[in-house]
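J.: Following the working numbering, the numbering of the sequence shown begins with 32 at its first residue and continues without gaps.
Note that the Cβ used here is the ideal one computed from N, Cα and C, for glycine as well.
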Amino acid sequence: MQQIIDEDNTKSYYIPHHCIYKPEKTTTPLRVVFDASAKNSTGQSLNSILLNGGSIQDELFSLVTRFRTHKYAFSADIQKMYRQILVEPSQRYLQRIVWKETNNSPIKVYQLNTVTYGTVSAPFLAIRVLKALADAEHQDFPEAAKKISRDMHIRAGRKSRSFFDLFCGSAEKLRTPIIKKGAKSYNSELISSVASTGRMLRNWTKNSQN
């Protein structure tokens with residue numbers, strides 16, 4: 032995010048926003064909600080002129096079916112996914128916000144430099160970036176690349192919020208010898224692959240205590 036001192040661009044869109052405060056949340060007690068569907072004086076909103084990109088991820092049914100074939104399974108959420116993706120500089124004037132430090136402070140104008148949740152194109156852009164990551168990291172992390180490319184799912188939450196879940200399992204299928212090494216290897220590769228781009232996996236869940 033950067034402050035705009037001179038508003039010399041007549042074509043711009045200001046995204047309404049507000050915060051939601053939940054002190055009981057350990058990861059994100061204060062969350063900002065952006066409403067890119069709010070119409071401006073022309074009767075249009077940012078979402079009304081954006082292409083959503085369509086779906087480039089597997090259907091949820093296929094993903095869950097693959098997930099259930101593993102003896103050992105785990106899932107994780109990618110932390111701050113949207114905020115890791117830069118928007119083309121020439122398009123950032125469409126993501127402006129106004130802000131005041133206090134009630135008596137002057138209004139400041141900022142533009143958001145990264146993909147913003149609440150925009151219809153955000154899910155597509157995030158998945159597309161992950162697929163590019165899978166292609167780039169295929170040589171170093173082949174198993175992780177396959178999982179990122181095939182087993183990623185965007186789980187919609189409340190308005191202007193999405194969760195990027197990785198549903199993974201070990202190479203050991205049902206009715207085969209129980210070997211946990213495969214799952215641990217996948218886990219390690221996923222962490223290293225995602226971390227190579229400055230992202231972190233969190234909120235791990237698994238069906239084994241070991």
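Could you tell me which whole alpha helix (DSSP H) segments of length 4 or greater appear in the region 37 to 124?
T.: If we require 4 residues or more, the alpha helix (DSSP H) runs fully inside the region 37 to 124 come out as 77 to 80, 91 to 98.
J.: So what does DSSP say about VAL151, is it helix, strand or coil?
T.: coil
J.: Determine whether the beta carbon atoms of TYR124 and LYS42 lie at a separation below 8 Å.
T.: yes
J.: What residue does the beta strand (DSSP E) around ILE128 start on, and which one ends it?
T.: 127 to 130
J.: Would GLN142 and GLN33 qualify as a contact pair, given that the criterion is a beta-carbon distance under 8 Å?
T.: yes
J.: Leaving out five residues before and five after LYS53 in sequence, what residues of the same chain have Cβ atoms less than 7 Å from its Cβ?
T.: Within the same chain, Cβ atoms closer than 7 Å to the Cβ of LYS53 are found at PRO60, the five residues on either side in sequence being excluded.
J.: Taking all protein chains shown into account, decide if ALA165 is buried (16 or more other Cβ within 10 angstroms of its Cβ) or exposed.
T.: buried
J.: Kindly indicate which three-state DSSP category GLU140 falls into: helix, strand or coil?
T.: It should be noted that the sequence gives Val, not Glu, for residue 140. Looking at VAL140 - three-state DSSP - the assignment turns out to be strand.
J.: Can you tell which of LYS139, SER106, PHE65 has the C-alpha that lies nearest to the C-alpha of ASN78?
T.: PHE65
J.: Going along the chain, which unbroken runs of the alpha helix (DSSP H) with 4 or more residues stay wholly within the region 163 to 187?
T.: 173 to 181
J.: Could you check if GLN88 is buried or exposed, using at least 16 other CB atoms within 10 Å of its CB as the buried criterion?
T.: The residue in question, GLN88, is buried, as its Cβ has 16 or more Cβ neighbours within 10 Å.
J.: Output the distance between the C-alpha atoms of LEU81 and PHE155, rounded to the nearest integer angstrom.
T.: 12 Å
J.: How about SER152 and GLY85: are their beta carbons less than 8 Å apart?
T.: no
J.: Roughly how many angstroms lie between the CA atoms of VAL129 and PHE92, to the nearest whole one?
T.: 42 Å
J.: Count the other CB atoms, across all protein chains shown, that sit within 10 Å of the CB of SER76; report buried if there are 16 or more and exposed otherwise.
T.: buried
J.: Based on Cα-Cα distance, which residue from LYS178, ASN144, ASP37, ARG114 lies nearest to PRO120?
T.: It is ASN144 whose Cα lies nearest to the Cα of PRO120.
J.: By how many angstroms is the C-alpha of ALA175 removed from the C-alpha of ILE116?
T.: 20 Å
J.: If I measure Cβ to Cβ from SER68 and keep anything under 6 Å in the same chain, skipping five residues before and after, which residues do I get?
T.: SER76, ASN78
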